[in-house]
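Colleague: Structure provided below as structure tokens; questions to follow.
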Amino acid sequence: RDWSSNVCSSDLVGNLLFVSGQTGRHPDGTIGCKGDVIGQTRLAFSRVQALCAAAGARMTDIVRLGIFCVQIADIDKIYSVWDEFFPGPPYPTDTFIGNVRLAHPELLVEIEATVAIPAKAAKARRPARRAKAKTKRRR
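Under our numbering, the first residue of the sequence shown carries the number -10, and numbering increases by one thereafter.
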């Protein structure tokens, strides 16, 4: 079964955006940068960044990351790309899990995120409240 087209990429709950695992897949589902963990990491972070932007957030609004990789030896390569997307504080908390099998054998890294949407952006995304209908009280 091909899960690439029917999986939710993110979900907004209150002011928190939960970004599901992003990989080295292009939007059309094809795998990019085959065999290149740096390229796939850059693509995965770019996808996280795009989902943040769509919700009115920036990468600095990410409060938690989960990073899963096939080879734990790639940790330094993955964190070199991290530095491109997080050049300075605030840094999100993170969990790094290595030596895992991902959804496709050509995928090398997967990144999930929890994002605290800024209040102004979260308010703009919420539907307006309905005005209460005025009713006369009967006595």
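Each residue gets a CB set at the ideal place from its N, CA and C atoms; glycine is no exception.
Considering L40, what are the terminal residues of the alpha helix (DSSP H) in which it resides?
Modeller: Along the sequence shown, one-based indexing puts residue 40 at 51. Per DSSP, L40 belongs to the alpha helix (DSSP H) from V26 to A43.
Colleague: In the stretch 63 to 104, which residue ranges form an unbroken alpha helix (DSSP H) of at least 4 residues, counting only runs that do not cross its ends?
Modeller: With a minimum length of 4 residues, the continuous alpha helix (DSSP H) runs that stay inside the stretch 63 to 104 are 64 to 74.
Colleague: Within 8 Å, do at least three Cβ pairs link the stretch 2 to 14 to the stretch 91 to 109?
Modeller: Two segments are said to touch when three or more pairs of C-beta atoms, one from each, lie closer than 8 Å; by this definition the stretch 91 to 109 touches the stretch 2 to 14.
Colleague: Kindly list the residues whose CB is nearer than 8 Å to the CB of R90, restricted to its own chain and excluding five residues on each side of it in sequence; keep chain order.
Modeller: Start at 1 with the first residue of the sequence shown, and residue 90 comes out as number 101. Contacts found: V59.
Colleague: Can the beta-carbon of I51 be found closer than 7 Å to that of P78?
Modeller: To locate residue 51, count along the sequence shown from 1; it is residue 62. To locate residue 78, count along the sequence shown from 1; it is residue 89. Contact: no.
Colleague: Can you check whether the CB of A44 is closer than 7 Å to the CB of L6?
Modeller: Position 17 of the sequence shown, counted from the first residue, corresponds to residue 6. Position 55 of the sequence shown, counted from the first residue, corresponds to residue 44. Yes, they are a contact pair.
Colleague: Give the single residue among K109, K23 and T49 whose Cα lies nearest to the Cα of P76.
Modeller: As a first step, residue 76 is located in the sequence shown; it is residue number 87 there, counting from the start. Ranked by Cα distance from P76, the options K109, K23 and T49 are led by T49.
Colleague: Which residue wins for smallest C-alpha separation from R36, given the options K23, E101 and D72?
Modeller: Stepping through the sequence shown from its first residue, residue 36 is reached at position 47. Cα-wise, what sits closest to R36 is E101.
Colleague: In this structure, what does DSSP give as the bridge partners for C58?
Modeller: Numbered from its first residue, the sequence shown carries residue 58 at position 69. Answer is V98.
Colleague: Within its chain, find whatever has a CB closer than 6 Å to the CB of K109; leave out the 5 residues flanking it on each side and keep chain order.
Modeller: Taking the sequence shown and counting its residues from 1, the one referred to as residue 109 is at position 120. Here the set comprises nothing.
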